[in-house]
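Report on the structure given below.
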Amino acid sequence: MKKIFKILLGIFLIFLLLLAGAVVYLTYAYPSERIKEMLLTTLERDYGIESSIGELRFRLFRGFELEDFRILGVKGMPYAKPPLQIGKVTFGYQWKALLARRLEINQLILRDIPLDYRLYPDGSSNLDPLLAAFADSSAAPADTTASTLPVSIALEQLRIEDVRLHASL
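The sequence shown begins at 151 in the numbering used here and counts up by one.
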């Protein structure tokens with residue numbers, strides 16, 4: 151009985167060491183500041199969207215959590231008040247892909263979203279430049295050679311929670 155207990159304890163300790171090693175490796179291989187800068191640069195370069203991110207944290211079992219994301223302006227047209235703010239964004243990922251040095255996003259959760267919508271007398275809105283930036287077919291494809299971390303998105307789940315719409319018509 152003592153021998154079985156020692157074997158089980160040894161297996162448990164090896165599992166804990168592997169888990170701790172995974173945490174250290176993933177934190178070192180994917181530093182939050184680098185991923186944060188990559189996101190901001192991609193939005194600016196490919197879509198002309200100026201944005202800010204409050205904090206980006208890596209959670210081993212939940213993915214990356216991005217807090218206080220704001221759209222500040224589109225193509226040199228800053229907004230007086232950001233029309234889109236997201237309190238928290240969670241990117242879920244595939245474990246196997248991380249170990250192969252690829253980031254595959256399979257889950258996206260958006261929480262705490264105050265959306266400021268303004269309709270002007272000419273029929274345009276404050277969101278038109280933002281929507282046009284994403285609809286622009288001339289947006290360059292993502293340059294995965296610029297970073298050592300190729301990113302692919304294959305969403306299996308998209309959740310949007312706690313949206314508050316502030317409209318001025």
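Every residue gets a Cβ at the ideal spot worked out from N, C-alpha and C, and that includes glycine.
When rounded, the separation of the alpha-carbon atoms in serine 275 and leucine 248 is 40 Å.
The residues Pro264, Leu265, Asp266, Tyr267, in chain order, have a CB closer than 8 Å to that of histidine 316 in the same chain once the five nearest residues on each side in sequence are set aside. Taking 9 Å as the cut-off, the Cβ atoms of glycine 242 and arginine 207 do not count as close.
DSSP lists Ser201 as the beta-bridge partner residues of isoleucine 221. Annotated three-state conformation of leucine 210 is coil, per DSSP. Here isoleucine 185 is buried, its C-beta having at least 16 other C-beta atoms within 10 Å.
Taking all protein chains shown into account, valine 224 has 16 or more neighbouring C-beta atoms within 10 Å of its C-beta and is therefore buried. Around the beta carbon of leucine 280, a 10 Å sphere encloses 16 or more other beta carbons of the protein chains shown; the residue is thus reported as buried.
Using a Cβ distance threshold of 9 Å, isoleucine 259 and leucine 308 count as a contacting pair.
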